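Protein chains: 2
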Amino acid sequence: MDSLVAAAHVKAEGVQLISLAVDYGQRTRVELDAARSLASWLESLEHVELAVDLRAVGGSALTAEIAVPKGKSASEGIPVTYVPARNTLLLALALGLAEARGADAMVIGANQIDYSGYPDCRPEFLDAFDELARVGTKAGVEGRPPKILAPLLHLSKAEIVARGLALDVPFRETVSCYDPDGSGAACGACDSCALRRAGFDAAGVKDPTRYTNR
Amino acid sequence: MDSLVAAAHVKAEGVQLISLAVDYGQRTRVELDAARSLASWLESLEHVELAVDLRAVGGSALTAEIAVPKGKSASEGIPVTYVPARNTLLLALALGLAEARGADAMVIGANQIDYSGYPDCRPEFLDAFDELARVGTKAGVEGRPPKILAPLLHLSKAEIVARGLALDVPFRETVSCYDPDGSGAACGACDSCALRRAGFDAAGVKDPTRYTNR
Chain B
39 MDSLVAAAHV KAEGVQLISL AVDYGQRTRV ELDAARSLAS WLESLEHVEL
89 AVDLRAVGGS ALTAEIAVPK GKSASEGIPV TYVPARNTLL LALALGLAEA
139 RGADAMVIGA NQIDYSGYPD CRPEFLDAFD ELARVGTKAG VEGRPPKILA
189 PLLHLSKAEI VARGLALDVP FRETVSCYDP DGSGAACGAC DSCALRRAGF
239 DAAGVKDPTR YTNR
Chain P
39 MDSLVAAAHV KAEGVQLISL AVDYGQRTRV ELDAARSLAS WLESLEHVEL
89 AVDLRAVGGS ALTAEIAVPK GKSASEGIPV TYVPARNTLL LALALGLAEA
139 RGADAMVIGA NQIDYSGYPD CRPEFLDAFD ELARVGTKAG VEGRPPKILA
189 PLLHLSKAEI VARGLALDVP FRETVSCYDP DGSGAACGAC DSCALRRAGF
239 DAAGVKDPTR YTNR
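For the record, the sequence lines run as chains B and P. Offset between the first sequence (1-based) and the numbering used here: plus 38. Offset between the second sequence (1-based) and the numbering used here: plus 38.
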């Protein structure tokens with residue numbers, strides 16, 4: 039939902055989008071189907087799907103045989119769902135695509151208020167990546183590096199819900215759950231479900247997600 | 039050959055290695071076979087192979103239907119063999135693997151003397167990536183970010199050849215050519231072949247690579 043709201047926010051400012059979905063071996067393959075459908079809603083010029091199987095790397099509950107924790111409402115420290123260097127990798131792929139297409143920017147749904155446990159969602163990480171893109175690409179050397187846009191960076195989950203509602207995004211099609219069942223229904227109990235649910239509750243609206251547990 | 043000499047250099051200092059080969063859709067698939075064989079020579083603890091097909095991104099003679107230039111002995115500006123954000127992506131994958139395995143460092147064969155046309159082989163790029171790893175990983179937040187080691191950064195190609203000879207590396211197994219034939223023989227005419235050949239010539243030794251053109 040964060041990616042969708044971030045993209046819709048930028049689109050509402052008149053920007054044309056190219057969408058990128060990455061299959062990194064995550065449990066939530068249903069994400070990739072959702073991304074294709076949402077790319078269509080966003081009227082993306084092009085939807086690119088890349089695969090890199092991080093199960094050979096492991097080290098996370100999302101990519102290895104480590105259980106996704108249930109029933110904790112907020113993470114303490116860095117959670118086991120942290121995928122080593124995940125956003126560095128996602129942004130590296132986005133940077134290559136942006137450079138190959140001559141795009142001005144890369145949009146990311148990172149937000150630090152409710153996800154402070156993830157080091158790669160913080161402003162200092164995004165700033166460091168901007169510097170990397172500036173010195174490490176042909177586009178950067180030529181004075182036009184693709185820059186990161188993170189329009190949700192300082193919003194709470196409730197504010198992201200409100201922003202999405204204002205933009206009329208199809209929240210029912212988004213996937214937040216770290217551990218959905220075979221039909222794509224959300225577990226309702228992992229950190230990501232808990233955070234999403236709390237966000238909708240705080241915004242005072244019903245979450246249209248289909249949950250197995252309620 | 040740069041990756042091998044860099045790895046052998048670090049190994050000679052007593053470091054244990056994990057090797058990573060990335061199939062990014064490059065023309066030179068024979069590189070991947072060579073990497074497996076060289077991992078064995080390097081006594082790698084583990085050889086990890088990851089695939090991410092950058093042909094969907096394109097924008098380079100190595101990943102798209104763009105001809106590899108032949109007959110130029112040195113690149114002017116940034117060559118068409120530049121793959122958008124390639125080293126950012128390779129280091130992102132290496133960073134995730136290093137973090138997942140608890141490794142202290144990532145070794146890269148980048149050298150800027152003979153490759154100044156590639157922005158992502160420069161010291162400022164490597165410094166920016168170190169900063170990214172420091173702020174963007176769990177390991178970094180905990181005060182032990184994997185750091186980049188680039189032992190060849192300030193060496194010429196001839197010096198790299200000399201370093202490799204001193205370390206007795208199997209140069210005959212390395213692949214430098216951007217456009218090898220089906221049997222794995224080097225074309226002898228692309229930038230990378232020309233640079234390699236000039237390096238061996240300057241070092242005063244014969245290059246054991248098998249070339250189709252001489």
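Virtual Cβ for every residue (Gly too), placed ideally from N, Cα, C. Nothing here was measured: the structure is a model prediction, and the numbers come from that model.
What residues of chain A sit near L100 (chain P), judged by a beta carbon separation below 8 Å?
As a matter of chain content, chain A is missing from the structure shown, whose protein chains are B and P.
Classification of G220 (chain P) by the beta-carbon crowding that lies within 10 angstroms, buried from 16 upward
It counts as exposed.
I'd like the list of long-range same chain contacts for K176 (chain P), defined as Cβ closer than 8 Å, with 5 residues on each side in sequence excluded.
Hits under 8 Å: E137.
Give me whichever residues DSSP pairs with L88 (chain B) in a beta bridge.
Bridge partners of L88 (chain B): B:V60.
Flag this pair as yes or no: are the beta carbons of D239 (chain B) and C228 (chain B) separated by less than 8 Å?
D239 (chain B) is not a Cβ neighbour of C228 (chain B), given a cutoff of 8 Å.
Identify the contact partners of T175 (chain B) in chain P, using a Cβ-Cβ distance below 8 Å as the criterion.
The CB of T175 (chain B) comes closer than 8 Å to the CB of P122, A123, T126, P157, D158 in chain P, given here in chain order.
For V207 (chain P) and L58 (chain P), the rounded distance between their alpha carbons:
Spanning the two alpha carbons is a distance of roughly 18 Å.
Are R119 (chain B) and A148 (chain B) touching if we call contact CB-CB under 8 Å?
Note on identity: in this sequence residue 119 (chain B) is Thr, with Arg being the wrong assignment. Against a cut-off of 8 Å, the Cβ pair of A148 (chain B) and T119 (chain B) comes out as no contact.
Residues of chain B with CB closer than 7 Å to the CB of A148 (chain P), please, in chain order.
Per Cβ cutoff of 7 Å: no residues; A148 (chain P) is ~11 Å from chain B at best.
Got a sec: which bits of the region 209 to 233 of chain B sit with their beta carbon under 9 Å from any beta carbon on chain P, in order along the chain?
Those would be none; no residue qualifies.
What does I186 (chain B) pair with, by DSSP beta-bridge criteria?
When DSSP reads this structure, I186 (chain B) sits in a beta bridge with B:M144.
Report the CB separation of P184 (chain B) from A143 (chain B) in whole angstroms; it is logged as a contact under 8 Å.
In this structure, P184 (chain B) and A143 (chain B) form a Cβ contact; the two beta carbons are roughly 6 Å apart against a cut-off of 8 Å.
At a CB-CB cut-off below 7 Å, which residues of chain B make contact with S197 (chain P)?
One point to set straight first is that residue 197 (chain P) is Glu, not Ser, in the sequence displayed. Using a Cβ-Cβ cut-off of 7 Å, E197 (chain P) is close to nothing in chain B; its nearest Cβ partner there is about 24 Å away.
Is the Cβ of P107 (chain B) closer than 8 Å to any Cβ of chain P?
Chain P, which has no Cβ nearer than 8 Å to the Cβ of P107 (chain B), makes this no.
Same chain only: Cβ atoms within 6 Å of V68 (chain P), ignoring 5 sequence neighbours per side
Closer than 6 Å at Cβ, skipping near neighbours: V213, P218, G222.
Checking contacts by CB at 8 Å: is A89 (chain P) closer than that to chain B?
Output row for A89 (chain P): interface = yes.
Could you confirm whether any beta carbon from chain P is found closer than 8 Å to the beta carbon of I116 (chain B)?
Interface annotation, I116 (chain B): in contact with chain P, CB-CB separation under 8 Å.
Closer than 7 Å: is that where the CB of L80 (chain B) sits relative to any heavy atom of the ligand FAD?
For the structure depicted, the ligand FAD is absent and the ligand set is empty, with no information on it obtainable.
If we define contact as Cβ-Cβ less than 8 Å, is R252 (chain B) a contact residue for chain P?
Because R252 (chain B) carries a pLDDT of 46, less than 50, the predicted location of this residue cannot be relied on, and the following value inherits that uncertainty. For R252 (chain B), the answer is no, since every Cβ of chain P falls outside 8 Å of its Cβ.
Buried versus exposed call for A123 (chain P) [16 or more other C-beta atoms within 10 Å across all chains shown]:
Residue burial annotation: A123 (chain P) is buried, with at least 16 other C-beta atoms found within 10 angstroms of its C-beta.
For Y120 (chain P), which residues does DSSP report across the bridge?
Beta-bridge analysis with DSSP links Y120 (chain P) to no other residue.
So, with DSSP's three-state summary, where would you put K14 (chain B)?
Chain B is shown only over 39 to 252; residue 14 (chain B) falls outside these bounds and no answer can be derived.
Tell me the rounded alpha-carbon separation between I198 (chain P) and M39 (chain P).
Distance from the CA of I198 (chain P) to the CA of M39 (chain P), rounded to the nearest whole angstrom, comes to 9 Å.
Looking at the unbroken alpha helix (DSSP H) that takes in D217 (chain B), where does it start and where does it end?
Segment: none, D217 (chain B) is in no alpha helix (DSSP H) and carries neither H nor E.
Check whether the region 159 to 175 of chain B touches the region 185 to 197 of chain B, taking contact to mean three or more Cβ pairs, one atom from each stretch, closer than 8 Å.
With a cut-off of 8 Å, the region 185 to 197 of chain B and the region 159 to 175 of chain B count as touching, because enough Cβ pairs lie within range.
Only counting the same chain, and skipping five residues up and downstream in sequence, which positions put a Cβ closer than 6 Å to that of R172 (chain B)?
Result list for R172 (chain B): G178, P183, in chain order.
Euclidean distance between Cα positions of V48 (chain B) and I186 (chain B)
Roughly 12 Å separates the two Cα atoms.
Can you confirm whether V145 (chain P), when its beta carbon is compared against all beta carbons of chain B, has any partner nearer than 8 Å?
Closer than 8 Å: no.
By a C-beta neighbour count over all protein chains shown, 10 Å radius and 16 as the cutoff for buried, is K195 (chain P) buried or exposed?
Buried is the call here.
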